[in-house]
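Before any comments, here is the structure.
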DNA sequence: ATGGGCACCTGGCTGC
DNA sequence: TGCAGCCAGGTGCCCA
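In this note's numbering, the protein residues as written are 58 to 311.
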């Protein structure tokens, strides 16, 4: 997409997580794509006069295809390029978003308070200890708080806690410095491993080429309730925290 | 400031 | 075969 010009935005269904501004197609038509990048789970498409901020939510996907490709249910918008290609967004649950930022997207309200990227040096044991101090929220929910660290979703939170040997219900402020350091490394490792495996396909996730991710086979606890812990054979437990499923080994995680 | 719960929405699966 | 109930990869917002 880089260097191409936006020919049009075809907005079929503006009712996404936030209603897409009906003036957006007129705003971006004719602008050149200066860069395509990512911050947390937001995709940022920098144009001449501002940036598009996209999010896939739980069920969203983007495909680069020929604009003549027949529409499928939940194809909510097409970003047409002057090159003749088309970026098509599909999202059954409509938890995804399409926003416009006229200034620096880092200052956009949704991005301004985000925590560090987990694979950078800014995310380290000292940082995590400082943020966790005094916090009584469960460590699992703390790790999923995007103001603390971005990118750790429901699957990888459980997996990282397992790898670090930390009980998901322990108060964030009561996890020792050594264990927080182990958590930093566990988060880095699990995200790296998952990325190398192409992601985790639970049901229907596929990458831009249509390839599923193979990390599901390497999950230690997620969706393994009742099955033996791979390390100690104790049955994996399932609990609910903040309306989200959590999986852990009661023997390996303290 | 913090923590907890709800909201947004559709589809797929299970069990009766 | 139909249908109610439950669950799902995210995360902002409101209230106590």
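Ideal Cβ positions, reconstructed from N, Cα and C, are used throughout, including at glycine.
Spatially closest choice to residue 100 from 87, 144, 132, by CA coordinates: Here residue 100 refers to the residue found at position 43 when the first chain is read from its first residue. When only C-alpha atoms are compared, the closest one is 144.
Chain-order list of residues whose beta-carbon lies under 7 Å from that of residue 79 (same chain, five-residue window excluded): If you number the first chain from 1, residue 79 lands on position 22. Excluding five sequence positions before and after residue 79, the CB atoms of its chain that fall closer than 7 Å to its own CB belong to 71, given in chain order.
Proximity of residue 158 and residue 111 at Cβ, strictly below 9 Å: Residue numbering aside, residue 158 sits at position 101 when the first chain is read from its first letter. Residue numbering aside, residue 111 sits at position 54 when the first chain is read from its first letter. Against a cut-off of 9 Å, the Cβ pair of residue 111 and residue 158 comes out as no contact.
Whether residue 114 touches residue 150 by CB criterion (9 Å): Within the first chain, the letter at position 57 stands for residue 114. Within the first chain, the letter at position 93 stands for residue 150. Yes; because the gap between Cβ atoms is below 9 Å, this pair is in contact.
Identified DSSP bridge partners for residue 195: Here residue 195 corresponds to residue number 138 of the first chain, with the count starting at 1. Per DSSP, 228.
Where residue 108 falls, given that 16 or more other Cβ within 10 Å makes a residue buried: Against the first chain, residue 108 aligns to sequence position 51. Its Cβ being crowded by 16 or more others within 10 Å, residue 108 is buried.
Endpoints, alpha helix (DSSP H) assigned at residue 211: By 1-based counting over the first chain, the position of residue 211 is 154. Run containing residue 211: 211-221, per the alpha helix (DSSP H) assignment.
Nonlocal neighbours in the same chain, by C-beta distance under 6 Å from residue 288, ignoring five residues either side: On the first chain, residue 288 is found 231 positions in, with the first residue counted as 1. So the list reads 309, once near-sequence residues are dropped.
Residue 107 - partner residues in DSSP beta bridges: Your numbering for residue 107 matches position 50 in the first chain. Its beta-bridge partners are 104.
Segment contact flag, the segment 256-267 with the segment 217-237, C-beta cutoff 8 Å, min 3 pairs: Taking 8 Å as the limit for Cβ pairs, the verdict is that the segment 217-237 does not touch the segment 256-267.
Nearest-angstrom beta carbon gap, residue 97 and residue 198 [assumed within contact, 8 Å]: For this step, residue 198 is matched to residue 141 along the first chain. For this step, residue 97 is matched to residue 40 along the first chain. That pair is no contact at about 17 Å.
Terminal residues of the alpha helix (DSSP H) in which residue 311 lies: Position 254 of the first chain, counted from the start, is the residue given in the question as residue 311. Element bounds for residue 311: n/a, residue is neither H nor E.
Given 8 Å, three or more beta-carbon pairs between the segment 165-183 and the segment 132-148: Segments in contact, no.
Residue from 67, 283, 75, 77 whose Cα sits closest to the Cα of residue 86: Here residue 86 is taken as the residue at index 29 of the first chain, counted from 1. Ranking 67, 283, 75, 77 by Cα distance to residue 86 puts 67 first.
Span of the alpha helix (DSSP H), counted from its first residue to its last, around residue 265: In the first chain, counting from the first residue as 1, residue 265 sits at position 208. Looking at the DSSP string, residue 265 is not in any alpha helix (DSSP H), and its letter there is neither H nor E.
Cβ neighbour criterion (16 or more within 10 Å) applied to residue 127: As a first step, residue 127 is located in the first chain; it is residue number 70 there, counting from the start. When all chains shown are included, residue 127 counts as exposed.
Nearest neighbour of residue 307, chosen from 293, 239, 136, 297 [CA to CA]: Along the first chain, read from residue 1 onward, the residue named residue 307 stands at position 250. Out of 293, 239, 136, 297, 293 has the C-alpha closest to the C-alpha of residue 307.
Cβ distance (whole Å) where residue 240 is taken to contact residue 223 below 8 Å: Translated into the one-based positions of the first chain, residue 240 becomes position 183. Translated into the one-based positions of the first chain, residue 223 becomes position 166. Correct: roughly 6 Å between the Cβ atoms.
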